[in-house]
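Novice:
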Amino acid sequence: MATTRKKKRVLTKQHRAMLLRIVDRRIREVSETVGELEQTNKTREQEDNPAVSLLEASGASHETECAHMLFSREGILLKALMDARQRLALGTYSGLCETCDLPISLARLKAIPETVSCIHHSAA
Ligand SMILES: [Zn+2]
């Protein structure tokens with residue numbers, strides 16, 4: 001059993017540098033999305049529409065709830081990306097699945113650089 005675990009691949013410096021660039025780009029993208037959502041929320045608050053106020057008094061509107069959900073989802077993603085960035089920057093990141101300790105494919109890491117699981121152990 002233990003012998004099957006010997007094939008551990010450690011990401012090369014080039015791979016880490018490449019993933020770091022991908023993570024940086026993703027962080028920028030997500031930050032922009034979060035910024036836009038904050039802007040949207042601000043605009044909505046500034047609108048002194050009595051109809052909207054009435055609607056909000058009877059409980060948050062569906063739209064507002066969706067924006068909040070999206071906001072927290074983007075927030076979680078941003079945190080995961082920051083963690084990934086730190087791992088890559090430290091140079092200790094080997095790209096192994098947290099669950100089975102086997103290498104996560106480079107293609108997967110390129111697509112989802114913040115992942116800590118291989119395709120078999122992904123929660124998503
Ligand atoms: Zn796994």
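Note that our numbering has the sequence shown beginning at 1, numbered continuously upward. Where a beta carbon is used, it is the ideal one built from N, C-alpha and C, also for glycine.
Apply the 10 Å Cβ neighbour rule to E205 and answer buried if 16 or more other Cβ atoms are within range, or exposed otherwise.
Specialist: Here the chain covers residues 1 to 124 and nothing more, so residue 205 does not appear.
Novice: Give me the Cα-Cα distance between Q39 and T33, rounded to the nearest whole angstrom.
Specialist: For this step, residue 39 is matched to residue 39 along the sequence shown. For this step, residue 33 is matched to residue 33 along the sequence shown. Rounded to the nearest angstrom, the two C-alpha atoms are 10 Å apart.
Novice: Which first and last residues belong to the alpha helix (DSSP H) in which L109 is found?
Specialist: Position 109 of the sequence shown, counting from 1, holds the residue named residue 109. 106 to 111 is the extent of the alpha helix (DSSP H) around L109.
Novice: Can you tell me whether T43 is buried or exposed? The criterion is at least 16 other CB atoms within 10 Å of its CB, across all chains shown.
Specialist: To locate residue 43, count along the sequence shown from 1; it is residue 43. Exposed.
Novice: In this structure, how does DSSP classify L11 when only helix, strand and coil are distinguished?
Specialist: The residue you call residue 11 lines up with position 11 of the sequence shown. DSSP places L11 in coil when its eight states are reduced to three.
Novice: To the nearest whole angstrom, what separates the beta carbons of E114 and A80, a pair I think is in contact under 8 Å?
Specialist: Within the sequence shown, residue 114 is the residue found at index 114, counting from 1. Within the sequence shown, residue 80 is the residue found at index 80, counting from 1. Right, the Cβ-Cβ distance comes to about 4 Å (below 8 Å), so this counts as a contact.
Novice: Flag this pair as yes or no: are the beta carbons of L109 and I27 separated by less than 8 Å?
Specialist: For the purposes of this step, residue 109 is taken as residue 109 along the sequence shown, with counting starting at 1. For the purposes of this step, residue 27 is taken as residue 27 along the sequence shown, with counting starting at 1. Contact flag unset, no.
Novice: Consider the C-beta atom of S94 and the heavy atoms of ligand 1; say whether any pair is separated by less than 7 Å.
Specialist: As a working note, residue 94 is residue 94 in the sequence shown. No, ligand 1 has no heavy atom inside 7 Å of this Cβ.
Novice: In this structure, what does DSSP give as the bridge partners for L96?
Specialist: Residue mapping note: residue 96 aligns to position 96 of the sequence shown, counting from 1. DSSP lists P103 as partners of L96.
Novice: Between the Cα of S94 and those of C118, I76, A111, spot the shortest distance and give me the residue it belongs to.
Specialist: Stepping through the sequence shown from its first residue, residue 94 is reached at position 94. Out of C118, I76, A111, C118 has the C-alpha closest to the C-alpha of S94.
Novice: Would you call A107 buried or exposed, if buried means 16 or more other Cβ atoms sit within 10 Å of its Cβ?
Specialist: As a position in the sequence shown, residue 107 is number 107, starting the count at 1. Classification of A107: exposed, given that the 10 Å Cβ count is below 16.
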